[in-house]
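Numbering (our numbering), first residue to last: 24 to 415. For glycine and all other residues, C-beta sits at the position ideal for the given N, C-alpha and C. Below you'll find the structure, written out as structure tokens, and then a few comments.
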Amino acid sequence: MKAVIWQSTNHISVEQVPDPELLLPTDAIVRVSSTAICGSDLHLLDGRIPSMEKGDILGHEFMGEVVEVGKDVKTLKVGDRVVVPFNIACGVCDPCKRGFYSACDNSNPNHRMAEALYGAVSGGGLFGYSHMYGGYAGGQAQFVRVPFADVGPFKIGPDLPDEQVLFLTDIFPTGYQAAENCQIVKGRDVVAVFGAGPVGQFAARSAQMLGAARVIVVDRVPERLRMAAAAGLETINYEEVDVLVALREATGGRGPDHVIDAVGMEAHGHGPGALLDSVEQKLKLTFDRITALRWAILSCAKGGTVSLPGVYGGLVDKMPMGAAFAKGLIFRMGQTHTHRYLKPLLSRIEAGEIDPSFVITHRATLDEAPALYKTFRDKHDGCIKVVLDPWG
Ligand code: NAD
Ligand code: ZN
Numbered sequence: 024m025k026a027v028i029w030q031s032t033n034h035i036s037v038e039q040v041p042d043p044e045l046l047l048p049t050d051a052i053v054r055v056s057s058t059a060i061c062g063s064d065l066h067l068l069d070g071r072i073p074s075m076e077k078g079d080i081l082g083h084e085f086m087g088e089v090v091e092v093g094k095d096v097k098t099l100k101v102g103d104r105v106v107v108p109f110n111i112a113c114g115v116c117d118p119c120k121r122g123f124y125s126a127c128d129n130s131n132p133n134h135r136m137a138e139a140l141y142g143a144v145s146g147g148g149l150f151g152y153s154h155m156y157g158g159y160a161g162g163q164a165q166f167v168r169v170p171f172a173d174v175g176p177f178k179i180g181p182d183l184p185d186e187q188v189l190f191l192t193d194i195f196p197t198g199y200q201a202a203e204n205c206q207i208v209k210g211r212d213v214v215a216v217f218g219a220g221p222v223g224q225f226a227a228r229s230a231q232m233l234g235a236a237r238v239i240v241v242d243r244v245p246e247r248l249r250m251a252a253a254a255g256l257e258t259i260n261y262e263e264v265d266v267l268v269a270l271r272e273a274t275g276g277r278g279p280d281h282v283i284d285a286v287g288m289e290a291h292g293h294g295p296g297a298l299l300d301s302v303e304q305k306l307k308l309t310f311d312r313i314t315a316l317r318w319a320i321l322s323c324a325k326g327g328t329v330s331l332p333g334v335y336g337g338l339v340d341k342m343p344m345g346a347a348f349a350k351g352l353i354f355r356m357g358q359t360h361t362h363r364y365l366k367p368l369l370s371r372i373e374a375g376e377i378d379p380s381f382v383i384t385h386r387a388t389l390d391e392a393p394a395l396y397k398t399f400r401d402k403h404d405g406c407i408k409v410v411l412d413p414w415g
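Quick look at the structure:
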């Protein structure tokens, strides 16, 4: 089959590789009908997440048709149309039972690697996201092996096109969880969202759906701010104004009640400038350039929430903890517990509350993926979200 392969930092290619096979009786094989490139994939392209290996298959946002099931799979059958959460969860461990699917105890045999490599313990397994997260082959491919097939894959009827349901795999739940974590008081609270990438777009619209009185989106990329404005969201271009002053003025001096950082490590900048040789360099950059997180803390109103869907890794220091402490801020963060949100968010799509395909700017074949990774990273050609057709 064809798949998008990580070769080395800043080098990916499309190759013919062996088709995946069932390895465990609880596995299924899915024939991928649509797959997307995520901002998180850019951290892999950049070489910012350690433990990628030459030959690894990328991709964690995918859906398709079940073509094979292991003998212990009970709820899925061949022919089912499914979206597959980007995190792999066993469904029976203590974190899974409490709804913390992304922290599954049993889906990441390599979780200690993160501690050794990066001073952090990673969570459960992820598709296409390095050996630190279990080394699972990803979904930017024609077929993918899906472990714990009774737990993750979520059946979808034939009515909605792929483009409306594909983002249930990650960015819609991720934006939604980020907004839900703010515990927005309906009709009163002002929410600021740093980052108008795909995650920020869904976080902002989720804050709207959850009843925020106002939502203010901060970025510097005009097309992304325009996409937010088209949904009736307020926007600030942080290259044109002092963002902290602008947020204060926009909120009568108190600051947004909650602030979502949908930027994460991207705040270091993608691209060649992000190529770092040593751990010391990585840490130095981490100290110097976490602008979005600093801005989030500094702008947030007293008693507010700083919600972090943006991905951070390694050690982060020199944070304005004094401001956070003085204001009594609440921090919520982490990888999304995608499984929780599939059903409720599908209901919102079915009810016409949101059509997630609004975010798609580029449609392409798998063969075009290497070029489109760079278009997306560099924000060229108005690129906000890329969907790939593995069979096109
Ligand atoms: P993206 O890279 O397309 O978007 C990031 C945006 O942030 C860009 O538009 C960029 O211009 C903007 N930006 C950079 N610095 C900024 C700053 N200082 N202030 C305001 N905006 C700034 O990525 P994305 O797909 O939207 O993903 C965003 C983040 O969410 C990434 O870190 C990604 O890894 C993470 N993510 C997390 C989860 C999760 O489970 N928590 C899931 C998916 C993605
Ligand atoms: Zn993603």
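Among the options, which one has its Cα closest to the Cα of residue i?
i    : options                   : result
K77  : V216, I259, L68 and F348  : L68
D193 : Y124, E272, A346 and K397 : Y124
H66  : K325, K366, H360 and M288 : M288
I372 : C323, D185 and R317       : D185
G158 : G218, I179, I72 and F190  : I72
V409 : G275, P176 and R386       : R386
D79  : V92, D64, G93 and M86     : D64
V222 : T398, V101 and T359       : T359
F109 : K402, Y261, P132 and V174 : V174
T388 : L352, D412, K120 and F85  : D412
S130 : V115, I111, L352 and G122 : I111
G93  : L45, C113, G122 and C119  : L45
V188 : R400, K366, K397 and T398 : K366
D401 : V115, K120, P41 and G220  : G220
What do you get for residue i, buried or exposed, if any count of 16 or more other CB atoms within 10 angstroms of its CB means buried?
i    : result
S31  : exposed
L270 : buried
Q39  : exposed
M342 : exposed
T309 : For T309, the pLDDT reaches just 47, beneath the cut-off of 50, and the residue's location in the model is therefore unreliable, leaving the point undetermined.
H403 : exposed
S370 : exposed
V264 : exposed
V53  : buried
A253 : exposed
F354 : exposed
V115 : exposed
G351 : exposed
G336 : buried
For residue i, which residues of its own chain have a beta-carbon under 6 Å away from its beta-carbon, when the five flanking residues on both sides are left out?
i    : result
D300 : Confidence at D300 is low in this model, with a pLDDT of 48, below 50, so its placement is unreliable and the value that follows should be read with caution. Excluding residues within five positions, none has a Cβ falling inside 6 Å.
A201 : A226, I283, S330 and P332
D104 : First, the residue type needs correcting, since residue 104 is Arg and not Asp in the sequence shown. So the qualifying residues of the chain are E88 and I179.
L423 : Beyond the ends of the chain as shown, which are 24 and 415, falls residue 423; an answer cannot be given.
F399 : I60, C406 and V409
G70  : T32
Since I believe residue j is in contact with residue i (beta carbons under 8 Å), could you give me their beta-carbon distance rounded to a whole number of angstroms?
i    : j    : result
G198 : F225 : 3 Å
V89  : A51  : 5 Å
V14  : G62  : Residue 14 falls outside the range modelled here, since the chain spans only 24 to 415, and no answer is possible.
A374 : V37  : Not confirmed; about 38 Å, so no contact.
A285 : I320 : A285 to I320, Cβ: 15 Å. No contact.
L433 : S322 : The question about residue 433 has no answer, for the chain in this structure spans 24 to 415.
G148 : G82  : In fact, because the Cβ distance is near 14 Å, the residues do not count as touching under 8 Å.
P176 : L99  : 6 Å
Would you tell me roughly how many angstroms separate the C-alpha atoms of residue i and residue j, rounded to the nearest one?
i    : j    : result
V55  : S380 : 18 Å
I239 : L395 : 29 Å
P170 : C127 : 13 Å
A251 : I259 : 10 Å
G326 : M344 : 14 Å
K25  : G415 : 11 Å
A297 : N33  : Residue confidence for A297 is low, a pLDDT of 39 falling below 50, so the modelled location carries little weight; the figure read from the coordinates is stated next. If I take the Cα positions, the gap works out to 10 Å.
T274 : D212 : 10 Å
A164 : A349 : 49 Å
H293 : D242 : Because H293 carries a pLDDT of 43, less than 50, the predicted location of this residue cannot be relied on, and the following value inherits that uncertainty. The alpha-carbon atoms of H293 and D242 are separated by roughly 15 Å.
V382 : G276 : 32 Å
V101 : H362 : 21 Å
K209 : F217 : 21 Å
F85  : T328 : 31 Å
I35  : D390 : 11 Å
K120 : G357 : 17 Å
W318 : A324 : 12 Å
P41  : V27  : 13 Å
If I measure Cβ to Cβ from residue i and keep anything under 8 Å in the same chain, skipping five residues before and after, which residues do I get?
i    : result
V214 : A202, C205, I207, A227, A230, A235, R237, V238, I239, P279, D280, H281, V282 and I283
E262 : R243
Can you find the residues in the same chain that come closer than 7 Å, C-beta to C-beta, to residue i, ignoring five residues on each side of it along the sequence?
i    : result
E246 : G405 and I407
D95  : P48 and T49
M136 : S74, H154 and M155
K97  : D173
V334 : S63, H66, G287 and M288
D117 : D128
P196 : T359, T361, Y364 and L368
P43  : I52, A160, F166, V167 and R168
Any beta-carbon of chain C closer than 7 Å to the one on residue i?
i    : result
E262 : Absent from the structure is chain C; it holds one protein chain and no more.
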